[in-house]
Structure formats: structure tokens, C-alpha cells
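Enquirer:
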Amino acid sequence: MNKVLLIIQREYLTRVRKKSFIVMIFVVPLLILAMGAIIALVAKDSNNLSTLQIVTVVDDSKIFVDKFRDVSNIKFVVNHKDLNADKAESKKDENISTLYIPADYGKKGSVQIFSKKKSPMQLTDEIEKQMGNIAFDYNMIQHHIDTAVIHSIKRADISVKTVEITETGDKSSDLGANIAVGIACAIFIYISLFIYGGQVMRGVIEEKTSRIIEVIISSVKPFQLMLGKIIGVGLVGLTQFSAWIILSVISSKIAGHAFNTPQSFMAGIIATLSTIPFGYILGCFLFYFLTGYLLYSALFAAVGSAVDSETETQQFMFPITLPLLFTYMLSVSVLFRAPDSALAVWLSIIPFTAPVAMMVRLPFDPPAWQVALSMFMMVVGFLFTTYVAARIYRVGILMYGKKASFKELSKWFFYKE
């Protein structure tokens with residue numbers, strides 16, 4: 026046991042003392058904060074065109090003439106020439122477009138806009154919106170309906186609040202925020218398994234190719250070496266995640282005060298976050314991160330021991346990571362829409378897919394027995410994969426110059442001590 030602890034200490038301290046590790050601890054929260062600010066600014070200005078767009082309107086239906094309204098960076102001009110002349114003018118200047126409205130404008134694809142280059146989406150969306158409103162008013166008038174009365178009636182802004190019925194009473198819950206946190210945790214687990222599992226694999230390959238492993242194996246059993254390396258790198262990952270979470274919270278609060286974020290806005294965020302069971306989510310996140318990491322990193326270590334260079338790992342890596350990739354793709358598109366479907370339940374129980382699938386399902390309060398079964402299967406899964414990986418690792422770590430295959434790995438597994 027002392028030897029395993031020494032290996033864990035060595036793997037941990039070697040990585041956390043690196044300048045790159047220390048720098049990334051502080052840089053990542055700042056990058057997340059900056060990315061959020063950039064996204065907010067881009068979203069704010071996404072509906073504004075960068076240059077003035079002039080739209081020459083050619084209206085054969087005579088319904089839309091002089092009814093278009095100029096908006097930010099879009100100016101409508103009624104033509105006094107024929108269509109071909111306007112198209113020729115649009116061909117010369119990329120900021121001038123020609124909108125042609127035929128008499129049968131209701132026919133799909135009949136309304137056309139001609140321009141030197143592809144029209145911006147904001148421009149076409151604005152034209153479609155205004156034409157829809159103008160056509161609606163025209164049809165109302167044709168049926169002798171007073172459009173002024175219709176427009177005077179304001180649309181009611183109705184907001185539906187979700188309330189969860191619990192044993193202790195009703196409890197407010199923000200499903201959107203819960204889903205966002207669940208998917209974010211699933212993405213973090215998905216990324217971390219590749220990052221830290223890859224570190225284990227590369228570490229094994231480096232020690233094997235440098236022949237340092239031959240010296241280490243003389244005093245430590247292969248299983249002890251593999252276990253120490255896996256746990257050591259895993260603790261590095263936990264340290265990094267913990268630092269990122271703490272620094273992200275601190276930097277967000279500092280940014281809120283620095284930019285004079287309105288109190289009502291901050292109060293709304295706090296009220297939303299208060300509906301999220303962070304203790305439960307964080308506990309599950311740490312469990313699935315640790316067990317998922319132990320499961321996959323054991324396999325990565327086995328792969329590293331079976332090859333002589335990182336370029337040879339591809340044939341083994343794809344089958345190993347395919348279940349995780351498959352679940353990740355489903356989690357951001359399908360699973361959160363049908364969290365109680367048979368597919369979602371099975372993916373959250375199978376150890377190779379559970380770390381991502383269960384984190385997506387947690388906001389929807391899956392039955393306690395499913396969560397318990399999933400956690401039990403994760404423990405069984407990483408114990409089994411660690412055993413299998415150790416059987417391969419003990420042979421592969423001292424095997425040089427022989428190109429491994431899945432058939433060869435199966436032979437290594439059945440080799441006697």
C-alpha cells in the first residue's frame with residue numbers, strides 16, 4: 026500500500042507543480058467569464074446590420090407599395106424604373122438589393138430578392154416579417170374588419186411557473202436552469218474523461234518507450250503502478266475542477282460589482298439558482314466523474330501499455346470512446362427531451378454511458394432505485410475494467426516491438442502469472 030501511495034504522490038505532485046497547471050487554474054475561469062461577456066455582446070448586436078442596406082421594391086401586386094417601414098440600417102425605396110434596370114443597379118453595389126413582389130405573391134418562392142452577394146439573414150427576416158404584417162392587414166380590410174381594433178388589443182404576456190410537489194410541500198423549480206446545469210455537468214465529465222484519461226495513457230507510453238518502466242517494475246507490481254498512476258492523475262483533475270468552480274464563482278461576483286449589474290438582475294439570478302439542488306447535483310457529479318474516470322482511465326492505461334507510440338493508439342481508442350461519444354451526442358439533442366424513455370434509462374445504467382446520461386436525467390428527478398442501480402453498476406464497472414486492464418497491463422508494459430491487436434490483447438488477458 027505504501028508503494029501505491031508513493032506513486033500517487035509522485036504523479037500528483039509532478040503535475041500540480043507544473044507552471045502550465047498553475048496558469049490554467051487562473052486562465053480557464055477568466056476565459057469562461059470573457060466568453061460569456063462576448064456571447065452576451067454578440068447576442069445583443071446580432072439583429073443589427075453592420076452597413077446600410079437599401080432595398081428597391083418592385084411591386085406588381087400594388088399591395089405593398091409605400092407600406093414598408095425603414096428600420097435600423099435598412100431603407101426601402103419604391104422603384105421608378107423597370108425590374109431589369111434595378112437588378113443591374115444591384116449588381117454594381119452589394120449594399121443595394123432589389124425586392125420583386127409578383128401579383129401572385131402568396132405562391133411559395135414567388136417573392137424574390139436580387140443582390141450582388143447572398144442577402145444577410147437579418148434583411149430577409151425583416152422583409153418577411155413586414156410583408157406578413159402588411160398582407161394580414163390587407164386581408165382584414167378585404168373582409169371589412171377594422172384593423173385598428175385588432176392592433177389596439179395587446180398580446181398578454183403569460184409566464185408559466187413550475188412548482189414541484191414534494192414530501193415537505195410545494196417547492197419552486199426552474200426546469201430550464203436545472204437542465205442547463207445537468208447538461209453542463211455532463212459535458213464537463215465527457216471532456217474530463219478524455220483529457221485526464223489521455224494523460225494516463227501518454228504517461229504510460231512515455232515510461233514504456235524510455236525504458237524507465239523496466240526499473241520501476243523491479244520494485245513495484247504492475248497493478249500497483251497502474252492504480253497509483255490512475256488515482257494520482259484523477260486527484261489532479263479533482264483539484265483543477267475544484268479550483269475552477271471556486272474561482273468562477275468569485276470572478277462572476279467581482280464582474281457583477283465592477284460592471285454595476287442591476288440588483289434586480291442579480292436577485293433574479295440568485296432566485297433562479299436557489300431552485301437548483303446544488304448539493305445533490307455536485308455530489309452526483311463528483312461520483313460519476315470519479316467512477317467514470319477510473320473506468321475509462323484503466324482502459325486508457327491498458328491501451329498505453331499495448332503500444333509503442335501514441336500514433337498506434339487510434340485502433341484501440343475509437344471502440345473504447347464510441348459509447349461515450351454516442352451518449353454525448355444524444356444528451357444534447359434527445360435525452361433531455363425524453364428523460365424517462367427506455368433508451369435514456371438504459372444509457373444511465375450501463376457503466377460505459379452512465380456518467381453522461383445520468384447527469385442529463387438528474388434535473389428530471391429519476392426514481393431513486395434507478396440512481397442507486399446506476400451508481401452500483403458504475404462501481405462494478407470500474408472494478409471489472411480495472412481487473413481486465415491490469416491483466417493486459419502486466420504483459421503489455423514489458424512488450425516491445427510487437428504490434429498489438431485485439432486478438433493479441435485477449436491472449437495477454439489469459440496469461441498466467
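For the sequence shown, position 242 (counting from the first letter as 1) is numbered 267 according to the numbering used here, and the numbering increases by one without interruption. Using N, Cα and C, we set each Cβ at its ideal position, and we do this for glycine too. All values reported here derive from a predicted model rather than from experimental measurement.
For Leu124, write down the residues that DSSP places opposite it in a beta bridge.
Expert: DSSP output for Leu124 lists Val82 and Ile138 as bridge partner(s).
Enquirer: Give me, in chain order, the residues of the same chain whose beta-carbon lies closer than 8 angstroms to that of Gln34; leave out the 5 immediate sequence neighbours on both sides.
Expert: Cβ within range, chain order: Gly257.
Enquirer: Measure from the alpha carbon of Ala326 to the alpha carbon of each residue in Ala415, Asp365, Gly207 and Tyr353, then state which is nearest.
Expert: With distances taken between Cα atoms, Ala326 lies closest to Ala415.
Enquirer: Could you say which of Lys100, Thr81, Thr411 and Ile47 lies nearest to Lys112 if we only look at CA atoms?
Expert: Of the candidates Lys100, Thr81, Thr411 and Ile47, the one whose C-alpha sits nearest the C-alpha of Lys112 is Thr81.
Enquirer: With burial defined as no fewer than 16 other Cβ atoms inside 10 Å of the residue's Cβ, what is the status of Thr76: buried or exposed?
Expert: Classification of Thr76: exposed, given that the 10 Å Cβ count is below 16.
Enquirer: Mind the definition here: the stretch 380 to 398 touches the stretch 307 to 320 only if three or more C-beta pairs lie below 8 angstroms; say whether that holds.
Expert: Yes, the stretch 380 to 398 is in contact with the stretch 307 to 320.
Enquirer: Excluding the 5 residues preceding and the 5 following Tyr37 in the sequence, name in chain order all residues of the same chain whose CB lies nearer than 7 angstroms to its CB.
Expert: Excluding residues within five positions, the ones whose Cβ falls inside 7 angstroms are Gly257, Leu260 and Val261.
Enquirer: So, helix, strand or coil for Lys133, using DSSP?
Expert: Looking at Lys133 - three-state DSSP - the assignment turns out to be coil, as it is neither helix nor strand.
Enquirer: Just to confirm before moving on: does the CB-CB distance between Phe401 and Ile417 stay below 7 angstroms?
Expert: No, they are not a contact pair.
Enquirer: If you count every other CB in all the chains shown that lies within 10 Å of the CB of Arg42, and 16 or more means buried, which is it?
Expert: Looking at its Cβ environment, which holds fewer than 16 other Cβ atoms inside 10 Å, Arg42 is exposed.
Enquirer: Please look up how many angstroms separate the CB atoms of Met403 and Pro364, rounded, as I've assumed it's under 8 angstroms.
Expert: Contact flag wrong, Cβ pair sits at about 19 angstroms.
Enquirer: Suppose you measure from the CA of Thr78 to the CA of Asp162; what does that come to, to the nearest Å?
Expert: Looking at the sequence provided, one finds Gln at residue 78 rather than Thr. Each residue's Cα considered, the two are about 26 angstroms apart.
Enquirer: Restricting to Cα atoms, I'd like to know which of Phe343, Thr346 and Pro388 is closest to Leu360.
Expert: Here the closest residue by C-alpha is Pro388.
Enquirer: Report yes if the C-beta distance between Leu320 and Thr378 is below 7 angstroms; otherwise report no.
Expert: No, the pair does not count as a contact, with Cβ atoms beyond the cut-off.
Enquirer: Under three-state DSSP, which class holds Val96?
Expert: Looking at Val96 - three-state DSSP - the assignment turns out to be strand.
Enquirer: What residue range does the alpha helix (DSSP H) around Val41 cover?
Expert: Unbroken alpha helix (DSSP H) run through Val41: Asn27 to Val41.
Enquirer: Below 8 angstroms on the Cβ atoms is my guess for Ser144 versus Ser115; work out the distance and round it to an integer in Å.
Expert: No, Ser144 and Ser115 are not in contact; Cβ-Cβ is about 10 angstroms, not under 8 angstroms.
Enquirer: Distance check for Thr149 and Phe407, CA to CA, integer angstroms please.
Expert: C-alpha separation (whole angstroms): 54 angstroms.
Enquirer: Could you tell me whether the Cβ atoms of Pro247 and Gly317 are closer together than 7 angstroms?
Expert: It is not a contact, given that the beta carbons lie outside the stated cut-off.
Enquirer: Suppose contacts are defined by Cβ-Cβ distances below 7 angstroms. Is Ala268 in contact with Ile50 by that definition?
Expert: A contact, by the Cβ cut-off of 7 angstroms.
Enquirer: Leaving out five residues before and five after Lys92 in sequence, what residues of the same chain have Cβ atoms less than 6 angstroms from its Cβ?
Expert: For Lys92, where only same-chain residues beyond five positions count, the Cβ hits under 6 angstroms are Ile159.
Enquirer: Out of curiosity, what's the CA-to-CA distance linking Ile212 and Ala429?
Expert: Computed Cα separation, rounded: 32 angstroms.
Enquirer: Leu398 lies in the alpha helix (DSSP H); which residues open and close that run?
Expert: Ala393 to Gly421 is the span of the alpha helix (DSSP H), which, as asked, contains Leu398.
Enquirer: Would you please state the rounded distance, in angstroms, between the beta carbons of Val328 and Met226? I believe it to be under 8 angstroms.
Expert: Yes, they are in contact, since the Cβ atoms of Val328 and Met226 sit about 6 angstroms apart, within 8 angstroms.
Enquirer: For Ser122, is the beta carbon positioned less than 6 angstroms from some heavy atom of the ligand SAM?
Expert: The model on display carries no ligand, and the ligand SAM is accordingly not part of it.
Enquirer: When you compare only the Cα positions, how much space is there between Ala128 and His169?
Expert: If I take the Cα positions, the gap works out to 22 angstroms.
Enquirer: Classify Pro344: buried if its beta carbon has 16 or more other beta carbons within 10 angstroms, exposed otherwise.
Expert: Pro344 is exposed by the Cβ-count criterion.
Enquirer: So what does DSSP say about Val245, is it helix, strand or coil?
Expert: Val245: coil per DSSP, three-state reduction.
Enquirer: Judging by CA-CA distance, which residue of Leu56, Val136 and Leu30 is the nearest neighbour of Asp84?
Expert: The candidate whose alpha carbon is nearest that of Asp84 is Val136.
Enquirer: Can you have a look at Met291 and say buried or exposed, based on whether 16 or more other CB atoms are within 10 angstroms of its CB?
Expert: Note on Met291: pLDDT 45, under 50, position unreliable in the model; the coordinate value appears next. It counts as exposed.
Enquirer: Please determine, among Ala393, Leu355 and Gly131, the residue with the shortest C-alpha to C-alpha distance to Tyr305.
Expert: Comparing Cα positions, the closest option is Ala393.
Enquirer: To the nearest angstrom, report how far apart Val102 and Arg94 are at their CA atoms.
Expert: Taking the straight line from one Cα to the other gives about 10 angstroms.
Enquirer: In or out: Met60 buried (at least 16 other Cβ within 10 Å) or exposed?
Expert: Burial call: exposed.
Enquirer: For the alpha helix (DSSP H) containing Phe314, list its first residue and its last residue.
Expert: Its alpha helix (DSSP H) spans residues Phe303 to Ala331.
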